[in-house]
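Undergrad: In full-length UniProt numbering, the protein residues as written are 1 to 544.
(1) Could you check the C-alpha separation between residue 116 and residue 250 for me, to the nearest Å?
(2) Is residue 355 helix, strand or coil by DSSP?
(3) What does DSSP give as the partner residue(s) for residue 428 in the beta ladder?
(4) What did DSSP end up calling residue 197 once you bin it into helix, strand or coil?
(5) Among 277, 470 and 402, whose alpha-carbon lies nearest the alpha-carbon of residue 519?
(6) In the region 292 to 359, which residue ranges form an unbroken alpha helix (DSSP H) of at least 4 residues, counting only runs that do not cross its ends?
(7) Using the Cβ count rule (16 or more neighbours within 10 Å means buried), how would you classify residue 370?
(8) Which same chain residues end up closer than 8 Å to residue 98 when comparing Cβ atoms and leaving out the 5 residues on each side of it in sequence?
(9) Short check: CB of residue 503 to CB of residue 408, under 8 Å?
(10) Pop quiz: residue 177 and residue 256 are said to be a contact at Cβ under 8 Å. What is the actual Cβ separation, rounded to whole angstroms?
(11) Since residue 247 is in the alpha helix (DSSP H), which residue starts that stretch and which ends it?
(12) Hey, how far is the Cα of residue 365 from the Cα of residue 345?
(13) What's the gap between the Cα of residue 468 and the Cα of residue 394?
(14) Any idea what DSSP makes of residue 503, helix, strand or coil?
(15) Name the residue from 268, 391 and 319 whose alpha carbon lies nearest to the alpha carbon of residue 288.
(16) Quick check on the DSSP output: what are the complete beta strand (DSSP E) runs of length 3 or more inside the region 448 to 489, in order along the chain?
(17) Short check: CB of residue 348 to CB of residue 281, under 8 Å?
(18) Could you tell me the distance, in whole angstroms, from the CA atom of residue 392 to the CA atom of residue 399?
(19) May I ask you to report which of helix, strand or coil DSSP gives residue 229?
(20) Contact between the region 453 to 460 and the region 415 to 427 is defined here as three or more beta-carbon pairs at a separation below 8 Å; is this criterion met?
(21) Which full runs of the beta strand (DSSP E) of 3+ residues lie inside the region 148 to 185, going along the chain?
(22) If I measure Cβ to Cβ from residue 448 and keep anything under 7 Å in the same chain, skipping five residues before and after, which residues do I get?
(23) Near residue 522, what residues of its chain come up, given a Cβ to Cβ distance below 6 Å and the 5 sequence neighbours on each side ignored?
(24) Which residue wins for smallest C-alpha separation from residue 512, given the options 389, 444 and 505?
(25) Keeping to the same chain, check which residues put their C-beta closer than 8 Å to that of residue 424; ignore five residues upstream and five downstream.
(26) Count the other CB atoms, across all protein chains shown, that sit within 10 Å of the CB of residue 302; report buried if there are 16 or more and exposed otherwise.
(27) Ignore the nearest five residues each way along the sequence and tell me which others in residue 336's own chain have a CB closer than 7 Å to its CB.
(28) Return the first residue and the last residue of the beta strand (DSSP E) that residue 270 is part of.
(29) How far does the alpha helix (DSSP H) with residue 105 in it reach, from first residue to last?
(30) Between residue 306 and the rest of its own chain, which residues show a CB-CB distance below 8 Å, the 5 nearest in sequence each way excluded?
(31) Between 203, 483 and 128, which lies nearest to residue 120 when the distance is taken from Cα to Cα?
(32) Could you name the residues of the same chain whose beta carbon sits closer than 6 Å to that of residue 277, not counting the 5 residues immediately before and after it, in chain order?
(33) Based on the DSSP output, what are the partners of residue 191 in its beta bridges?
(34) Relative to the C-alpha of residue 283, which residue among 243, 4, 413 and 300 is closest?
(35) What is the rounded straight-line gap between the Cα of residue 184 and the Cα of residue 110?
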């Protein structure tokens, strides 16, 4: 950091692990109320012997022994710029209770002879750095070569760190919510809000800590701090050394009381709040899924959105959730999503931004079961009746689903076509059979297909009462095409456009592919089949 002093002859370079900016134009009263302490705190002193770990250095002077011996108990919470927020933990938790002390004493070297007690707030996986810019067309799976297991930890002073861990170190331990000791760590980088907005959006959901105390040495017991506590402005990214790194559970440690589990909310409550760019957790049932470029779109709902009451006025009956490529999905979730059946999930720590819910880095999807740290009375998405969709209207958004009905007023003849498919395997690339007139050969089945199934592609324009000022174009499913053309065939077997005009279609379940407003208002829809028990999805998402 470079410090420029007014009227100074030259700037000053500060070699420090933490600098906090104070805006000079702020009201002096506000600055005093936020950055002042009830009583002066002792100055933080780190000796050169501590910085360079001179174990052979001895101090024979009694006064110096007292001074250096007290260094481990004299702490200033530099993280917050606020009164010290030390927890009510045993007095012997000296240097081992502070991540900042460990970082300052060890520097960039791998920690040696230092262990820090922390509580594990979250466990998640992140894509490796070289995988974040490209590669898979869908969110990452649990391939060890592509992802790393991470812990978001917090020490007794409220400071956070993200720990990159080797899978062998954890040994399948259930660490979330537990107190652990960190040994053999190494600092990778210092993260700030400006450089790591996603990480701090997760940290903010756990702030302020649930156990904040007055500064040590006030002669009082544990007492909750009532004053304003600023949000953390930085944290450290740590990595466990593959050889000496160690993460061990500490049983019955009071620091575990700092754990703040995710708090699931109902979807209606989330949509009715104005908290944008914040993390949220919820239970929901996936009723449709679709791959879009490098993303997966999941259409979800819960009991609150399916209710018919005045509280749901203006709210959709389903919500699209985008699963970004940076979100790592477990093998269990991947297998569930490849099944053509509805599943209920806990969407944990998703990000709500720009009117959408997105599963990003550090978001976790869990199949619905009593997850760790979530109360048994948490909201559930179990539905007892068939799912209903909102009807197409002026507030329908792209990449959502809706129901539509209307009258056919036109047909897109340029895209209308039909083709034969194998009646056994569904192969659409049949070849003319040279030895059998009018028959086809299927390369997949290695047989002659004498009775192929005919598939059609048909897009129609509808006049929809729910959206009268808009042109609605729908790509129909095979079932709807057959129903529409059932009595429209001519004597020669062909179909005339006028034979389908004026026919009523719907209700159709549709995915909103596009919405345009210029030069004219137009909505592009594709008819879909919702995921239901025992029924396959015609547009089911193919995942690795």
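Each residue gets a CB set at the ideal place from its N, CA and C atoms; glycine is no exception.
TA: Taking the coordinates as given:
(1) The residue given as residue 116 occupies position 116 in the chain shown. The residue given as residue 250 occupies position 250 in the chain shown. If you take the alpha carbons of residue 116 and residue 250, they lie about 11 Å apart.
(2) Indexing the chain shown from 1 puts residue 355 at position 355. Reduced to three states, the DSSP call for residue 355 is coil.
(3) Start at 1 with the first residue of the chain shown, and residue 428 comes out as number 428. Paired residue(s): none; residue 428 is not in a bridge.
(4) As a first step, residue 197 must be located in the chain shown, where it is residue number 197. If DSSP states are grouped into helix, strand and coil, residue 197 belongs with the helices.
(5) Position 519 of the chain shown, counted from the first residue, corresponds to residue 519. When only C-alpha atoms are compared, the closest one is 470.
(6) The qualifying runs are 303 to 306 and 331 to 338.
(7) Stepping through the chain shown from its first residue, residue 370 is reached at position 370. Model confidence at residue 370 stands at a pLDDT of 43, short of 50, so the residue's coordinates are unreliable and nothing is read from them.
(8) As a working mapping, residue 98 is identified with position 98 in the chain shown. Here the set comprises 75, 116, 155, 156, 157 and 159.
(9) Taking the chain shown and counting its residues from 1, one reaches residue 503 at position 503. Taking the chain shown and counting its residues from 1, one reaches residue 408 at position 408. Yes; because the gap between Cβ atoms is below 8 Å, this pair is in contact.
(10) Reading the chain shown from its first residue, position 177 is the one you call residue 177. Reading the chain shown from its first residue, position 256 is the one you call residue 256. The Cβ separation is near 7 Å, so the contact holds.
(11) As a working mapping, residue 247 is identified with position 247 in the chain shown. Premise fails: residue 247 lies in the beta strand (DSSP E), 246 to 250, not in any alpha helix (DSSP H).
(12) The sequence position of residue 365 within the chain shown is 365, counting from 1. The sequence position of residue 345 within the chain shown is 345, counting from 1. Each residue's Cα considered, the two are about 6 Å apart.
(13) Against the chain shown, residue 468 aligns to sequence position 468. Against the chain shown, residue 394 aligns to sequence position 394. Rounded to whole angstroms, residue 468 to residue 394 spans 9 Å at the Cα level.
(14) The count along the chain shown starts at 1 and reaches residue 503 at position 503. DSSP places residue 503 outside both helix and strand once states are collapsed to three, so it counts as coil.
(15) Counting from one through the chain shown, the residue named residue 288 turns up at place 288. Residue 319 is the option with its Cα nearest to residue 288.
(16) 453 to 457, 459 to 463 and 471 to 475
(17) In the chain shown, counting from the first residue as 1, residue 348 sits at position 348. In the chain shown, counting from the first residue as 1, residue 281 sits at position 281. For the 8 Å CB-CB criterion, residue 348 and residue 281 form a contact.
(18) As a working note, residue 392 is residue 392 in the chain shown. As a working note, residue 399 is residue 399 in the chain shown. Residue 392 and residue 399: Cα-Cα distance of roughly 13 Å.
(19) Here residue 229 refers to the residue found at position 229 of the chain shown. In the three-state reduction of the DSSP assignment, residue 229 falls in the coil class.
(20) yes
(21) 160 to 165 and 179 to 183
(22) On the chain shown, position 448 is the one that residue 448 refers to. Same-chain partners within the cutoff: 433, 436, 439 and 441.
(23) The residue labelled residue 522 in the question sits at position 522 within the chain shown. Here the set comprises 471 and 516.
(24) Position 512 of the chain shown, counted from the first residue, corresponds to residue 512. Ranking the options by Cα distance to residue 512, first place goes to 389.
(25) By one-based count along the chain shown, residue 424 stands at place 424. Cβ neighbours of residue 424 beyond the five flanking positions: 442, 445, 447 and 449.
(26) In the chain shown, the residue the question calls residue 302 occupies position 302. So residue 302 ends up on the buried side.
(27) For this step, residue 336 is matched to residue 336 along the chain shown. Result list for residue 336: 343 and 367, in chain order.
(28) The residue labelled residue 270 in the question sits at position 270 within the chain shown. Taken as a continuous stretch (DSSP letters only), residue 270 belongs to no beta strand (DSSP E), being part of the alpha helix (DSSP H) at 267 to 272.
(29) Counting from 1 along the chain shown, the entry for residue 105 is found at position 105. Element bounds for residue 105: 99 to 106.
(30) Mapped onto the chain shown, residue 306 falls at position 306. Counting only Cβ-Cβ distances below 8 Å, and skipping sequence neighbours, we find 317, 383, 385, 387 and 388.
(31) Position 120 of the chain shown, counted from the start, is the residue given in the question as residue 120. Checking every option, the nearest Cα to that of residue 120 belongs to 203.
(32) Along the chain shown, one-based indexing puts residue 277 at 277. If we look at residue 277 and ignore the five residues flanking it on each side, its Cβ neighbours are 353.
(33) Locating residue 191 in the chain shown gives position 191, where the first residue counts as 1. 235, per the DSSP bridge assignment.
(34) Walking along the chain shown from the start, residue 283 turns up at place 283. It is 300 whose Cα lies nearest to the Cα of residue 283.
(35) Within the chain shown, the letter at position 184 stands for residue 184. Within the chain shown, the letter at position 110 stands for residue 110. About 6 Å.
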